[in-house]
Amino acid sequence: METVRLRVNRAERSITLEPRRTLLDALRTDLGLTGAKKACDMGNCGACTVHLEGKAVYACLVLAIDCAGREVTTIEGLENDALQRAFVEADAFQCGFCTPGQIMSLKALFNETPSPNEAQIMRALSGNLCRCGAYRNIVRAARIAARSPSAA
Amino acid sequence: MRAFSYHAPSTLSDAFAFLDARTRPLAGGTDLLTLMKADLVAPERLVNVKALLPRGIAAGTDGLTIGALTTLEEIEKDAAVAKRYAALAKAAAVAASPQLRNMATIGGNLLQRPRCWYFRNPRLDCWLKGGEHCPARDGENRLHAVFGPGPCHAVHPSDLAPALAAFDAQVLLRSPRGERALPLEIFFTLPSAGRRTENVLAPDELIVSLRLPPTPEGTKSVYLKAMDRKQWAFALVAVAAVLQLEGRRVVHAHIVLGGVATIPWRAASAERALVGGDLSAATLERAAAAALEEALPLAHNAYKLPLARALVRRALESLAP
Amino acid sequence: MKRDAELGAVGKPHPRLEGPDKVSGRARYACDLRLPRQLYARVLRCPLPHARLSRIDTSRAEGLRAVHAVLSSANAPEVPWYDTSRLFDRELRFVGEEVAAVAAESEEIAEDALRLIAVDYEPLPVEEKAGKPDVRQRGDIAAGFREAQVVIEETYTTQTALHNCLEPHGCTAVWEGDALTLYESTQGIFAVREEIAAKLGLSEERVRVVTEHMGGGFGSKQIAWKHSVIAALLARQSGRAVQLVLERDAENLAVGNRNATRQHLRLGAKRDGTLTAIEVSARVEQGAYLAGGEASDVTGTYLTLYRCPNVRAEQIQVSTHRGPAAAFRAPGYAEANFALESAMDELARKLGMDPIELRLRNYAEVDQDQRKPYTSVDSLRKCYQQIRGHFQKSAKKYGIGFAAHDWAAGAGHPPAEARVEMANGGARLVIGAQDIGTGTRTALAQIAAEELKLPLEKIIVSIGDTRDAPYGPTSAGSSTLASLAPAVRAAAQAAKAGREGLGKRAPNPKHKSVRTCGAQCAEVEVDSETGEVTVLRIVAAHDCGRIVNPLLVDSQISGGVTQALGFALTEERIVDAASGVVLNANLEEYKLPTAGDVPQITHASLSLPDDEANAAGIKGVGEPPLIPTAAAIANAVFDATGIRVRELPISREKLIR
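Residue numbers (this note's numbering), protein chains in the order written: chain A, -6 to 145; chain B, 701 to 1021; chain C, 720 to 1376.
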């Protein structure tokens, strides 16, 4: 077991864990941050998308121990974000299981490009599956957020 | 995953001290972790090399140097790559997904193991894993190779490798014994009984960087990829084509196919059909047909032949002035 | 009910009540529970398609300090499962069948423990077994074909599809004394309570099932699966809460799939398009066991969708050494519709007739199976009309295709109950059902708000917990809203009148049949050289009775069509014949549609309150949008290329020329 100091959602968190613990499991189990979901655990679905140093990544394919000193942002780190409001307005989810991952992928885009165009939105979403097929409204939500005055 | 110890040494020579049969280097980890989760590899130690190898793209008059730790996203977005090595930028852009492109390094991308569903299933024996025969040969092989004698029929999954090969890239390797530079076409060699991998990297060797020669004036390139859905899939067939034109005359052609063989596959006959000629429709048809001359389809993947022929022709058409 | 234009809450596109929880990560799914000292479980699965377990030794797994319970056929109680088997059978009948389970302090250690379990298997022969045909018929089929001037005879096949809900099956089980609580990912909290109580020999009152949110079911979570009993037994053995969530490959092996079918079909018609005979023989692959839940009725639509006096439909279940099939969004109907609507398209072409004209020529106003007239008898015609306006090609090289559908369920039925408690200027609505992502929570709140004349914000909904809740039906068959909305209306009316706010769903009309139906058209572009199909546009018109919340209905239409794209174009379970192993039991090679695969989807919306059907005039819309899409696409592909693909999925190799 090793002790790792992570920065998660702008707070210092210290965890004791095995090197084999993924960032996803560390978030969900050691830190109680269950927003990121384990749907495939192999980097094939996007439900575990979080930000690592501002970049969207699959937390299931990152070792927690490899994140020492690196900034991690999860869905719980967003607060009343324009994207979250747009998702509710546009009905951009059904079962909601993929939703945190979808929002984090879009948030990474919006952080870099505050008013993305359609192609950029589609590209940002290309690594997130939705089995309920809510894609149309997810894109709609992104468009709404892109137009909003405080789009970030 | 099985348990392992984790090491993050601060120098490369310290890292080399770790590298042995029971140790794996960790860079982006996007292929390594999936192999470990499937229990296909079970290293006792991981050595983090992310701080120890070059990262970044340096462009100059003598070409391009790409550090092994450069991510696919960095390659996709690089201005010099987009300007002079368009096929490489395109290959990086259509590989995987944004999240994977953020994490995956070019070194790891070249070294990734095949996706073959027999290989990736720890419960199934296969030649590449040290077994006697290839279950894909007479089994479910719609995704498998149409070139190469076997015994392995898996295809190489990398998008970047065909593009890099088409630009005559060299890979710089380092081990405790020193450095060596290999053309990618040598680096990727079909597996053999004694070496059941897709490349000649030694167990204690690391990729340091890639070197691409400068592209002369009049060079154009393209990367086309066919998938089972619109995005986020490995190639059924892919084509990287680099042409150097003087007017309409082809002075140089380098065409490499992905998704069709266990290593990136050079379409040398297609190149020969092109060089010295113009890009007339008849020439392109001939070149595309020549690309498939030595194809040996399996029971379920014959569709890859007309698909590849179409993609080769379209790739060349897109480069015609 | 009032005229819909006068309604306050019903008919409004209100955002989902649980939206803020879902977009913030606060929404808790069964796998998100973190109870004190909770353990994590994993299941060991059989690697062979048919085998006898001759020896199992779990001692090394038990020896791990962090392992607190181990179960196998060596020590588990004999719990009957499926029709002929048990929880841990010693004869194993598919790759992935459950052999043993462990509960440990972490998932990683649970996996370590599985590797320490030693099992000897004796391989047994792998065979298919066809059952006896189940035949439904009317009229005189031979005479019908004699009368026919044109006959279409073809065989259509549909593939095994895998649900791949993003949230895997799983639960967290915790005992308090002899009372069990299961935080479960299920479509039926009362169904699970009943089954688990029976399996464990408990009275139902001692079992509580909670599904606050769940991450998709699509039919695969309609019944209780083994993981619930396994988790409960591990929890009992260890004295701790146990969470058992399936890994993705286990999802694709052991907890349901859409039956593959082979349908040999004959249509006979007069030259003016009038159908004289419909005959089908359907072989339906069942897997190794009958899992229960909604049976896949492939023959149903053949009997009802078109007016025809002479019909013979037979279904043969074939048992195989593969994972058990389970209901998957419109089970039987999605598969049959592809065949029937492709055949109708082939017939239309042979007759030189407009495809919509052909459907109208054979319009059924009466349920020919139940022998009752339909309520909303014209609704399907209206759906055809809605499509007609969109059914024209926009450019020559594109193809356009049409398909109609009906659906067996969607009418809802008793038993279904609701309770309304007035309090603090508002009301509490208690529902013993679950919101599986369809928006049940919100739609029922709208019904209550409408009836009570309260703003929606004043309605608190308690849903997804069997404790203290009236009976709620399983969310399946697209019947949740149609079943519960009338009960909610009744409960609200009672509460408003100062009586006890209990409402029960009344029976369906005795002398009429309720039809859920619709039509779609698809426009596609096909690249004949590469076989790539691009669906440009789907237009969908479905009769779901009164639309309570257009936002939610739009989402079901969009979602169903998107899921259908996978069925039509990209999804197929691939099994290696030699080993019986599923080769693509993962989300890499089992290809779900991505955002980039989705066409323009137009919902040609119709709110057609069917007040004869039930007190809320509602019918289901969960499954219908998935039913006609594959046929519409296949028919469009034919229109574009002249290639008739009679096998799903429509993959490139079937189109490359």
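Glycine residues also receive a C-beta, built at the ideal position from the N, C-alpha and C atoms.
Asked, Found
"Coarse secondary structure for A144 of chain A, derived from DSSP in three states", "Only weak support is given to the placement of A144 of chain A: the predicted model assigns it a pLDDT of 48, under 50, and the value that follows is read from those uncertain coordinates. It is coil, neither helix nor strand."
"Local conformation of R755 of chain B per DSSP, three classes", "coil"
"Residues sharing a beta bridge with W894 of chain C, DSSP", "C:L899"
"Exposure of P93 of chain A, with buried meaning 16 or more beta-carbon neighbours within 10 Å", "buried"
"Proximity below 7 Å, CB of V1243 of chain C to CB of A1355 of chain C", "yes"
"Beta carbon of E924 of chain C nearer than 7 Å to that of S904 of chain C", "no"
"Through-space distance from P914 of chain B to S713 of chain B, alpha-carbon basis", "31 Å"
"Other residues of its chain near A822 of chain C: CB distance less than 6 Å, five sequence neighbours each side excluded", "L758, A760, H787, A788, L953, S957 and V961"
"Range covered by the alpha helix (DSSP H) that runs through P798 of chain B", "P798 to M803"
"Beta-carbon gap between E1176 of chain C and A1211 of chain C smaller than 7 Å", "no"
"Cβ pair F677 of chain B, P743 of chain B closer than 7 Å", "Summary: the structure shown does not reach residue 677 of chain B, with chain B confined to residues 701 through 1021, and so no result is reported for it."
"Per-residue burial, I1337 of chain C [other beta carbons within 10 Å of its own, 16 or more giving buried]", "buried"
"Whole-angstrom distance between L965 of chain C and A1168 of chain C, CA atom to CA atom", "39 Å"
"Test: V65 of chain A CB closer than 7 Å to a CB of chain B", "no"
"Every unbroken beta strand (DSSP E) inside the region 1092 to 1151 of chain C [3 residues or more]", "1118 to 1126, 1136 to 1142 and 1145 to 1150"
"Minimum C-alpha distance to V1096 of chain C - residue among C:D1064, C:L1173, C:G1196 and C:K1231", "C:K1231"
"Neighbourhood of V999 of chain C by C-beta, 6 Å cutoff - its chain only, sequence neighbours within 5 removed", "Q982, L984, Y1021 and A1032"
"Nonlocal neighbours in the same chain, by C-beta distance under 7 Å from L732 of chain B, ignoring five residues either side", "R724 and L726"
"Cβ contact (3+ pairs, closer than 8 Å) linking the region 13 to 21 of chain A and the region 32 to 51 of chain A", "yes"
"Supposed contact pair A863 of chain B and R966 of chain B - C-beta distance, whole angstroms, cut 8 Å", "With 8 Å as the limit, R966 of chain B and A863 of chain B do not qualify as a contact, their Cβ atoms being about 13 Å apart."
"Short CB-CB distance (under 7 Å) between G839 of chain B and chain C", "yes"
"Beta-carbon spacing of T1094 of chain C, D1329 of chain C below 7 Å", "yes"
"Beta-carbon neighbours of M701 of chain B, restricted to chain A and to distances below 7 Å", "R13"
"Straight-line Cα distance separating D1088 of chain C from Y128 of chain A", "38 Å"
"Segment contact flag, the region 928 to 937 of chain B with the region 970 to 987 of chain B, C-beta cutoff 8 Å, min 3 pairs", "no"
"CA nearest to the CA of T897 of chain B, picked from B:L912, B:F867, B:G839 and B:H856", "B:H856"
"Chain A residues whose Cβ lies nearer than 7 Å to that of L1311 of chain C", "L122 and R124"
"Continuous alpha helix (DSSP H) assignments of at least 4 residues falling wholly in the region 730 to 816 of chain C", "738 to 743 and 778 to 781"
"Contact the region 129 to 142 of chain A vs the region 73 to 82 of chain A: 3+ CB pairs below 8 Å", "yes"
"Proximal residues of chain B, C-beta to C-beta of N1303 of chain C below 8 Å", "W817"
"Interface residues of the region 933 to 960 of chain C facing chain A [CB-CB below 7 Å]", "M933, G934 and G935"
"Cross-strand partners of T1159 of chain C (DSSP beta bridge)", "Answer is none; T1159 of chain C lacks a bridge partner."
"Bounding residues of the beta strand (DSSP E) (the contiguous stretch that carries E64 of chain A)", "E64 to T66"
"Residue burial classification, L828 of chain B (beta-carbon count within 10 angstroms, cutoff 16)", "buried"
"Cβ neighbours of T993 of chain C in the same chain (closer than 7 Å, five flanking residues each side left out)", "R1080 and N1081"
"Alpha-carbon spacing of V1294 of chain C relative to L1302 of chain C, whole angstroms", "6 Å"
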